[in-house]
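Sequence order for the protein chains is F and E.
Once you know that position 18 of the first sequence is 18 in the numbering used here, the rest is easy, because the numbers rise by one and skip nothing.
Heads up: take any position in the second sequence, counting from 1, add 268, and you land on the numbering used here.
2 protein chains.
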Amino acid sequence: MCQLLGMNCNVPTDICFSFAGFQARGGATDVHSDGWGIAFFEGKGTRIFLEPTPSCTSPVAELVRQYPIHSKNVIAHIRKATQGVIGLENTHPFMRELWGRYWIFAHNGNLLDFNPDLDGSFMPVGLTDSERAFCWLLQELRQRFGSTAPAQATLFASIHALTLEISGRGEFNFLLSNGDCLFAHASTQLSYIVRQAPFTQAHLKDQDISVDFNEVTSPNDRVAIIATQPLTDDEPWTTMPAGTLWWFEEGRPVETLETRPGPVKKPA
Amino acid sequence: MCQLLGMNCNVPTDICFSFAGFQARGGATDVHSDGWGIAFFEGKGTRIFLEPTPSCTSPVAELVRQYPIHSKNVIAHIRKATQGVIGLENTHPFMRELWGRYWIFAHNGNLLDFNPDLDGSFMPVGLTDSERAFCWLLQELRQRFGSTAPAQATLFASIHALTLEISGRGEFNFLLSNGDCLFAHASTQLSYIVRQAPFTQAHLKDQDISVDFNEVTSPNDRVAIIATQPLTDDEPWTTMPAGTLWWFEEGRPVETLETRPGPVKKPA
């Protein structure tokens, strides 16, 4: 299994603090040492850093941790391989282009016997269930909407319908972004926190590092951090109920939909 | 205008030496300071480093120069913007997936009024003529061959036909790779060298750095380096005639085709 980290903000923000804790889980404080990756949107462009090696000892991860890249949408992943050998082609996040926008996807879970019909428009390069699911999602979106992107609410409803089709096949926690918004599926395990004024201090669980957000933010900044497990030990993280799909935009949850029967908490 | 750097090898090789010279041209020894990027294939996977800032002062470029990533196919680019503002989405190389393989593309030149019909299968994210040409090339390849990749020789013939269609629109020097081979179009300016046993020393033009390839190679290694302008001042680079398309594989040119009337030298 793997761990996910996402960030969605209303102004471009660096993820150095959160990534410092996450990086440690890639082989130091936790077992996810089969590769790591992080993708940043900067406007419509993306930068992706990927390595099929542990993040805790990677010079590239060290650079990412120290080099403030400002982004409104970030998706990161540390890998404990289930399907697909350890290799760059099986390292998350994955990227494709649809409707003239890059799409970024990372998955934590395990889909069993998931071999959907792929028509060739988006084909997996590696051997993971995750990339297969991503390709199928984009194929189905293009089939529904042709060559023009729908409105965001319509898009969210479609991603919900497609997630329902896949989520019966196994654990399917994922983060997906087109640079405007970030969709997060809590199949079994995902938490989030929104940081906004009045800002406070925070202390990482996985490294003895603290930050006072008052010193590094402006009053109107708003940042949502989404992670498999909370990254700090002194902030009120919200556990996202198993079986919920979330639409984050401008640093906060906009809408939540159930992906399996059971009570679902709406965002406040 | 911009500069291109490519590498095609028979065994995974690092590009640190060549990149050191190339990096200096991004704002130090030359004027290409509007962004830089480099893409490495590792098996079927890729890593891309991109920045919309000068390579000569970039901490990420510094990491790339010092961190030996072993690859059989590499494409790098330093940018002097012609079409499209300075921004990550307009920074080369570009990447798309076709036939379950990543394709990497970088362009040096300027295409005038090149606005081909795009059917939505590959759409530009940025505003460059370069990404438009890349999307059109891949669209046409998929239209010709459907969802299955053709044999390499058939592929080369098709890329030749498509290059002929574009090259009347302006300068169109490019490097293109699917991880197996590297296609290089010398529209106006491109040179290459093949390094193989017996290996010699080489000295960079742009930095006072030398390497003795005897010390860092095995007897069967073969590496082709392709660049807008020769990177070393003591090696016999071959000028690729204007109007030639080259297919490199396993560290050497395999075939050359003319892309405009005039005498064409075949590789030895």
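Glycine included, C-beta positions come from ideal geometry on N, C-alpha and C.
Taking one beta carbon from each stretch, the stretch 492–504 of chain E and the stretch 444–461 of chain E have 3 or more pairs nearer than 8 Å; the two touch.
Non-local C-beta neighbours of E:Phe317 in its own chain, meaning closer than 6 Å and more than five positions away in sequence, comprise Ile306, Val328, Val332, ordered along the chain. The beta carbons of E:Phe290 and E:Leu273 sit about 5 Å from each other, so the pair counts as a contact at 8 Å.
Listed along the chain, the chain F residues whose CB falls inside 9 Å of the CB of E:Lys312 are Gly87, Leu88, Glu89, Val125, Gly126. The C-beta of F:Asn220 has fewer than 16 other C-beta atoms within 10 Å across all chains shown, which makes the residue exposed. Counting every other CB atom within 10 Å of its CB across the protein chains shown gives F:Asp208 a total below 16, marking it as exposed. Straight-line spacing of the CA atoms in E:Phe373 and F:His77 works out to 26 Å.
Approximately 19 Å separates the beta-carbon atoms of E:Ser478 and E:Ala465; this is outside 8 Å, ruling out the contact. Within the same chain, Asp448, Cys449, Trp515, Glu517 come within 8 Å of E:Gln420 by CB-CB distance, once the 5 residues on both sides are set aside.
The way I'd put it, the stretch 410–419 of chain E doesn't touch the stretch 139–156 of chain F; fewer than three beta-carbon pairs between them come closer than 8 Å.
For E:Tyr370, a Cβ of chain F is located within less than 9 Å of the residue's own Cβ. For the set F:Gly100, F:Ser218, F:Ile86, the Cα lying nearest the Cα of E:Asn358 is the one of F:Gly100. Residue contact with chain F for E:Arg490: absent (no Cβ-Cβ distance below 9 Å to any residue of chain F). Residue nearest to F:Thr256 within the set F:Asp233, F:Thr217, F:Gly84, F:Ala186 is F:Ala186 (criterion: CA-CA distance). Using a 10 angstroms sphere on the CB of E:Asp381, the tally of other CB atoms stays under 16, which defines it as exposed. Residue pairing by DSSP leaves F:Ser167 without any beta bridge partner. Around the beta carbon of F:Ser167, a 10 Å sphere encloses 16 or more other beta carbons of the protein chains shown; the residue is thus reported as buried. Distances from the alpha-carbon of F:Trp103 to those of E:Asn376, E:Glu439, E:Glu365 put E:Glu365 closest. The alpha-carbon of F:Glu215 is positioned some 39 Å away from that of E:Phe287. Straight-line spacing of the CA atoms in F:Thr128 and E:Gly295 works out to 41 Å.
Beta-bridge pairing by DSSP links E:His428 to no other residue. The CB of E:Ser415 comes closer than 8 Å to the CB of Asp119, Gly120, Met123 in chain F, given here in chain order. For F:Ala197, there is no enclosing alpha helix (DSSP H), as DSSP marks it with neither H nor E. DSSP, reduced to helix, strand and coil, places F:Leu63 within a helical segment of the structure shown. Per DSSP, the continuous alpha helix (DSSP H) segment holding E:Arg410 begins and ends at 397–413. Pairing E:Ser398 with E:Gln334 gives a Cβ-Cβ distance that is not under 9 Å. Under the DSSP assignment, E:Ser286 falls in the alpha helix (DSSP H) whose first and last residues are 284–292. Taking 9 Å as the cut-off, the Cβ atoms of F:Pro52 and E:Glu439 do not count as close. Within a 10 Å sphere around the beta-carbon of E:Ile337 sit 16 or more other beta-carbons, which makes this residue buried. Within chain E, the residues placing a beta-carbon under 7 Å from that of F:Arg47 are Leu318, Leu356, ordered along the chain.
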